[in-house]
Amino acid sequence: DQSNLSTYIVHVRKPQVIQSDDLHTFYYSLLPESTKTTNQRIVFTYRNVVNGFAVKLTPEEAKALQQNEEVVSARPEKILSLH
Amino acid sequence: TTHTPSFLGLQQGLGLWKGSNSGKGVIIGILDTGISPFHPSFSDEGMPSPPAKWNGICEFTGKRTCNNKIIGARNFVKTKNLTLPFDDVGHGTHTASTAAGRPVQGANVYGNANGTAVGMAPDAHIAMYKVCGLVGCSESAILAGMDTAVDDGVDVLSLSLGGPSGPFFEDPIALGAFGAIQKGIFVSCSAANSGPAYSSLSNEAPWILTVGASSIDRTIMATAKLGNGKEYVGQSVFQPKDFAPSLLPLVYAGANGNNNFSVFCAPESLNRSDVEGKVVLCEDGGFVPRVFKGKAVKDAGGAAMILMNSVLEDFNPIADVHVLPAVHISYEAGLALKEYINSTSTPTATILFEGTVIGNLLAPQVTSFSSRGPSKASPGILKPDIIGPGLNILAAWPVSLDNSTTPPFNIISGTSMSCPHLSGIAALLKNSHPDWSPAAIKSAIMTTASQVNLGGTPILDQRLVPADVFATGAGHVNPVKANDPGLVYDIEPNDYIPYLCGLNYTDREVGVILQQRVRCSEVNHIAEAELNYPSFSILLGNTTQLYTRTVANVGPANSTYTAEIGVPVGVGMSLSPAQLTFTEVGQKLTYSVSFIPFSEDRDNHTFAQGSLKWVSGKYSVRSPISFIF
Chain A
836 DQSNLSTYIV HVRKPQVIQS DDLHTFYYSL LPESTKTTNQ RIVFTYRNVV
886 NGFAVKLTPE EAKALQQNEE VVSARPEKIL SLH
Chain B
38 TTHTPSFLGL QQGLGLWKGS NSGKGVIIGI LDTGISPFHP SFSDEGMPSP
88 PAKWNGICEF TGKRTCNNKI IGARNFVKTK NLTLPFDDVG HGTHTASTAA
138 GRPVQGANVY GNANGTAVGM APDAHIAMYK VCGLVGCSES AILAGMDTAV
188 DDGVDVLSLS LGGPSGPFFE DPIALGAFGA IQKGIFVSCS AANSGPAYSS
238 LSNEAPWILT VGASSIDRTI MATAKLGNGK EYVGQSVFQP KDFAPSLLPL
288 VYAGANGNNN FSVFCAPESL NRSDVEGKVV LCEDGGFVPR VFKGKAVKDA
338 GGAAMILMNS VLEDFNPIAD VHVLPAVHIS YEAGLALKEY INSTSTPTAT
388 ILFEGTVIGN LLAPQVTSFS SRGPSKASPG ILKPDIIGPG LNILAAWPVS
438 LDNSTTPPFN IISGTSMSCP HLSGIAALLK NSHPDWSPAA IKSAIMTTAS
488 QVNLGGTPIL DQRLVPADVF ATGAGHVNPV KANDPGLVYD IEPNDYIPYL
538 CGLNYTDREV GVILQQRVRC SEVNHIAEAE LNYPSFSILL GNTTQLYTRT
588 VANVGPANST YTAEIGVPVG VGMSLSPAQL TFTEVGQKLT YSVSFIPFSE
638 DRDNHTFAQG SLKWVSGKYS VRSPISFIF
């Protein structure tokens, strides 16, 4: 159900040694199985300013994601304003 | 930008523009609504190629790709239809041209504010990261934009956007900015438009330059003239030549409207029979944009609008591009109009349009909307840091508002407009001082800021009373002085670790910001006010507080600075040493300052302000101090 999906900002503890090219695969490996059967859910992966990624999840999937010990936090994104 | 460069002391071929090569070779990354690459403000005539370190890409295709001015353009707004970084809002085109637009002669809106529009760093390169659309800016896109900008090799980041105050580990702009300063990138952000309420800031992290908004000495003048002969001066950009200044019936929208929103001239809130052919007095506020109020009046057949400020906005009218003859007046003038309407059975009024007037000695003046400190996220850091031009700013726009054949410009207001002024100035300083860290550039901008207006009296706020330190921060930017500050307060990225631990963040939370494991138990915690910041925010209880600061000499090798302190009633200050003698460029010296409470003298004030200045010849290195009791 696409309407139940929100974008979550997920912060993770990266492995000590990981190539930039392998980041997406690493982040993907953290996602609950239910997210892997549908369309690509990862919206952005970050490599410079945060260790983490943005992903579309249901609230239940977000809870499941946070069970990973590598996941530091996962919270729904907010919309900020122009000033 | 037809006037702000000269207002800030920037002149073509002279002074700072000459000394900084107008920002040549510096890359300003702007996170915004995209950009209109066709605008002449982004012409690359005379622009050199991007520096070799540039690693970014351009997503524009077809007839217009990027050039040597716009060297990068990316879109991070994920929608079905919009895949290119074109600006369908206008905001990004405006901010980009304010920071680094090329000179465009004959820029004006409806003939007003006419002149050569030029950004603060006209020879700097622009990289646009589109992270906002009409509905706002998603955190995931903002992080993606900042992440990419760091990779691309920008030197300055400019963000005229933000959200409410929050802890830094949950604030995408604070997180992105920390990653940026780790790479030596300077980050300038808007302070937000939630003033004049206190503690209403966005973007409060100490590694960000938080920019509030002030006026310039130019008004786009219009006057409300009443049937009793009295006149009240205000502003408006739309000044139609065919509007005859003859008296028309005047009506207060709140008196005749058909619902509670009519007082604010909300859309569809006015009865045609009440306002047709009349001048309508509307009140600002009610969550109705000012220009929409004029549209509501026009749609109901009104001939003109007089828009009065709310009590909080007070003496701070704004020049807008209204859709009908209009004038925005002060709250006090609005009260006089209401009194006049109630005093006669046949009130009449008209609007006299007087065009662009330069020379307001009360400028710069803090705008009513500019957000105020104290910082909620870190009360021990004084915010905003600085104020700069953000009221009635003309800059590039994607489409023409007045159907003229000249390049399109718009006049808009907000801390969104002040932020790119500081981004451009930071780019100038980057060029003239390539070895300065982001914190050193920030220190230079803050410690040289001005506290007085063109008339030589203290900077006022929207009430026409002296603005306090939570409105002005260090004061109004003075780019020329910032280029030669004498001393700087520097901070390395790792210096923030004891500060963050001192905020009582957990290891996990500090680790999110640092992107590395941190054990606060193994780090010296420091109080917020101990950070080597160019200003002080002191939460003063009953005990004396002592802090140390380290300054680096970036002026003449041999120089002696003497301290001058300004102490408010109820507080004592002592300094050691009271004199700093440098013998080398780059030399660092440390001093300590004590803040001593005398609680019996505070007169029930909740806060006070003071300053600490290090003075040597032409140099005056000033730190503002706020005291919260």
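Order-wise, the sequence lines are chains A and B.
Following our numbering, the numbering of the first sequence begins with 836 at its first residue and continues without gaps.
Following our numbering, the numbering of the second sequence begins with 38 at its first residue and continues without gaps.
Even glycine gets a Cβ: it sits at the ideal position worked out from N, Cα and C.
Review point. Can you tell which of B/Gly-138, B/Asp-189, B/Lys-61, B/Ala-337 has the C-alpha that lies nearest to the C-alpha of B/Arg-111?
Key: Within the second sequence, the letter at position 74 stands for residue 111 of chain B. The option with the nearest alpha carbon to B/Arg-111 is B/Asp-189.
Point to revise | DSSP beta-bridge partners of B/Tyr-584 | key: Here the question's residue 584 of chain B lines up with position 547 in the second sequence. Answer is B/Val-630, bridged to B/Tyr-584.
**Study point:** Simplified DSSP assignment, three categories, for B/Arg-309
**Key:** The residue labelled residue 309 of chain B in the question sits at position 272 within the second sequence. Taken through DSSP and simplified to helix, strand or coil, B/Arg-309 comes out as helix.
Exercise for review: Measure the alpha-carbon distance for B/Trp-563 versus B/Phe-206 and round it to whole angstroms.
Suggested key: For this step, residue 563 of chain B is matched to residue 526 along the second sequence. For this step, residue 206 of chain B is matched to residue 169 along the second sequence. According to the sequence as given, residue 563 of chain B is Ile; it is not Trp. Each residue's alpha carbon lies about 18 Å from the other.
Check your understanding: Which value, in whole angstroms, describes the spacing of the CA atoms of B/Val-168 and B/Tyr-147?
Key -> By one-based count along the second sequence, residue 168 of chain B stands at place 131. By one-based count along the second sequence, residue 147 of chain B stands at place 110. Distance between the alpha carbons of B/Val-168 and B/Tyr-147 is about 31 Å.
Check your understanding: Using 7 Å as the limit for Cβ to Cβ distance, is A/Glu-855 near chain B?
Key -> Residue mapping note: residue 855 of chain A aligns to position 20 of the first sequence, counting from 1. The amino acid at residue 855 of chain A is misidentified as Glu; the sequence shows Ser. So, not an interface residue.
**Study point:** Where B/Ala-508 falls, given that 16 or more other Cβ within 10 Å makes a residue buried
**Key:** Numbered from 1 along the second sequence, position 471 holds the residue referred to as residue 508 of chain B. Flag for B/Ala-508 reads buried.
Point to revise | Chain-ordered residues of the region 547-575 of chain B with a beta carbon less than 8 Å from chain A | key: Gly-548, Val-549, Gln-552, Arg-554
Point to revise | With 16 other Cβ atoms within 10 Å as the buried cut-off, status of A/His-859 | key: In the first sequence, the residue the question calls residue 859 of chain A occupies position 24. Per the 10 Å Cβ criterion, exposed.
Point to revise | Best match in B/Gly-109, B/Asp-527, B/Ile-72, B/Ile-534 for proximity to B/Asp-124 [C-alpha to C-alpha] | key: As a first step, residue 124 of chain B is located in the second sequence; it is residue number 87 there, counting from the start. With distances taken between Cα atoms, B/Asp-124 lies closest to B/Ile-72.
Practice item. Return the CA-CA distance between B/Arg-554 and B/Lys-106, expressed in angstroms with no decimal places. Key: Your numbering for residue 554 of chain B matches position 517 in the second sequence. Your numbering for residue 106 of chain B matches position 69 in the second sequence. Using only the alpha carbons, I get a separation of about 40 Å.
Check your understanding: Nearest-angstrom Cα distance between B/Lys-278 and B/Glu-268?
Key -> The sequence position of residue 278 of chain B within the second sequence is 241, counting from 1. The sequence position of residue 268 of chain B within the second sequence is 231, counting from 1. Each residue's Cα considered, the two are about 20 Å apart.
**Study point:** Cβ-based neighbour list, B/Ile-633, same chain, cut-off 6 Å, excluding 5 preceding and 5 following
**Key:** Position 596 of the second sequence, counted from the first residue, corresponds to residue 633 of chain B. The answer, listed in chain order, is Thr-581, Gly-609.
Check your understanding: Exposed or buried, what is B/Phe-298 when buried is set at 16 or more other beta-carbons lying within 10 Å of its beta-carbon?
Key -> Counting from one through the second sequence, the residue named residue 298 of chain B turns up at place 261. Buried: at least 16 other Cβ atoms inside 10 Å.
Practice item. Classify B/Thr-29 as buried or exposed, calling it buried when 16 or more other Cβ atoms lie within 10 Å of its own Cβ. Key: A query on residue 29 of chain B cannot be resolved here, the shown segment of chain B reaching from 38 to 666 and no further.
Check your understanding: Between which two residues does the beta strand (DSSP E) containing B/Pro-77 stretch?
Key -> The count along the second sequence starts at 1 and reaches residue 77 of chain B at position 40. Looking at the DSSP string, B/Pro-77 is not in any beta strand (DSSP E), and its letter there is neither H nor E.
Exercise for review: For the alpha helix (DSSP H) holding A/His-846, just list the boundary residues, first then last.
Suggested key: Reading the first sequence from its first residue, position 11 is the one you call residue 846 of chain A. That residue, A/His-846, is in no alpha helix (DSSP H); its beta strand (DSSP E) goes 841-847.
Practice item. Mind checking the region 110-121 of chain B against chain A and listing, in chain order, the residues whose C-beta falls within less than 7 Å of any C-beta there? Key: Lys-115
**Study point:** is_contact[A/Tyr-863, chain B] using C-beta, thresh 7 Å
**Key:** Within the first sequence, the letter at position 28 stands for residue 863 of chain A. By this cut-off, A/Tyr-863 is not an interface position.
Check your understanding: Relative to the C-alpha of B/Leu-68, which residue among B/Gly-232, B/Cys-557, B/Gly-109, B/Ala-511 is closest?
Key -> Looking up residue 68 of chain B in the second sequence gives position 31. Checking every option, the nearest Cα to that of B/Leu-68 belongs to B/Gly-109.
Review point. B/Leu-361 to A/Leu-866, Cα distance in whole Å?
Key: Along the second sequence, one-based indexing puts residue 361 of chain B at 324. Along the first sequence, one-based indexing puts residue 866 of chain A at 31. Computed Cα separation, rounded: 55 Å.
Exercise for review: Entirely within the region 493-538 of chain B and at least 4 residues each: give me those alpha helix (DSSP H) ranges in chain order.
Suggested key: You should have 506-509, 516-519.
Check your understanding: Where does B/Trp-651 sit, in a helix, a strand or coil, going by DSSP?
Key -> Mapped onto the second sequence, residue 651 of chain B falls at position 614. In this structure, B/Trp-651 counts as strand in the three-state DSSP scheme.
Check your understanding: Per DSSP, what kind of secondary structure is B/Ala-303 in: helix, strand or coil?
Key -> What you label residue 303 of chain B is simply residue 266 of the second sequence in a count that begins at 1. Here B/Ala-303 sits in coil by DSSP.
**Study point:** Residue interval of the beta strand (DSSP E) (run including B/Gly-52)
**Key:** As a working mapping, residue 52 of chain B is identified with position 15 in the second sequence. Per DSSP, B/Gly-52 belongs to no beta strand (DSSP E); it is in the alpha helix (DSSP H), 52-56.
**Study point:** Local conformation of B/His-458 per DSSP, three classes
**Key:** The residue you call residue 458 of chain B lines up with position 421 of the second sequence. DSSP places B/His-458 in helix when its eight states are reduced to three.
Check your understanding: Can A/Leu-915 and B/Cys-174 be called in contact, C-beta distance under 7 Å?
Key -> Along the first sequence, read from residue 1 onward, the residue named residue 915 of chain A stands at position 80. Along the second sequence, read from residue 1 onward, the residue named residue 174 of chain B stands at position 137. It is a contact, given that the beta carbons lie within the stated cut-off.
Review point. Leaving out the 5 sequence neighbours to the left and right, which residues in its chain are closer than 7 Å to B/Tyr-570 when beta-carbon positions are compared?
Key: Residue 570 of chain B sits at position 533 when you count from the first residue of the second sequence. Around B/Tyr-570: Pro-243, Ile-418, Tyr-526.
Exercise for review: Keeping to the same chain, check which residues put their C-beta closer than 7 Å to that of A/Lys-849; ignore five residues upstream and five downstream.
Suggested key: Residue 849 of chain A sits at position 14 when you count from the first residue of the first sequence. Same-chain partners within the cutoff: Asn-886.
Check your understanding: If we cut at 7 Å on Cβ distances, does B/Glu-241 have a partner in chain A?
Key -> Position 204 of the second sequence, counted from the start, is the residue given in the question as residue 241 of chain B. With 7 Å as the cut-off, B/Glu-241 does not count as an interface residue toward chain A.
Check your understanding: Per DSSP, what kind of secondary structure is A/Leu-900 in: helix, strand or coil?
Key -> Reading the first sequence from its first residue, position 65 is the one you call residue 900 of chain A. Helix, per DSSP.
Point to revise | Burial state of B/Val-622 (16 or more Cβ within 10 Å) | key: Translated into the one-based positions of the second sequence, residue 622 of chain B becomes position 585. Exposed, because fewer than 16 other Cβ atoms sit within 10 Å of the Cβ of B/Val-622.
Review point. Going by DSSP, what residues sit across from B/Glu-320 in a beta bridge?
Key: Along the second sequence, one-based indexing puts residue 320 of chain B at 283. Note: B/Glu-320 sits in a beta bridge opposite B/Met-345.
**Study point:** For B/Tyr-368, the three-state DSSP class (helix, strand or coil)
**Key:** On the second sequence, position 331 is the one that residue 368 of chain B refers to. DSSP places B/Tyr-368 in helix when its eight states are reduced to three.
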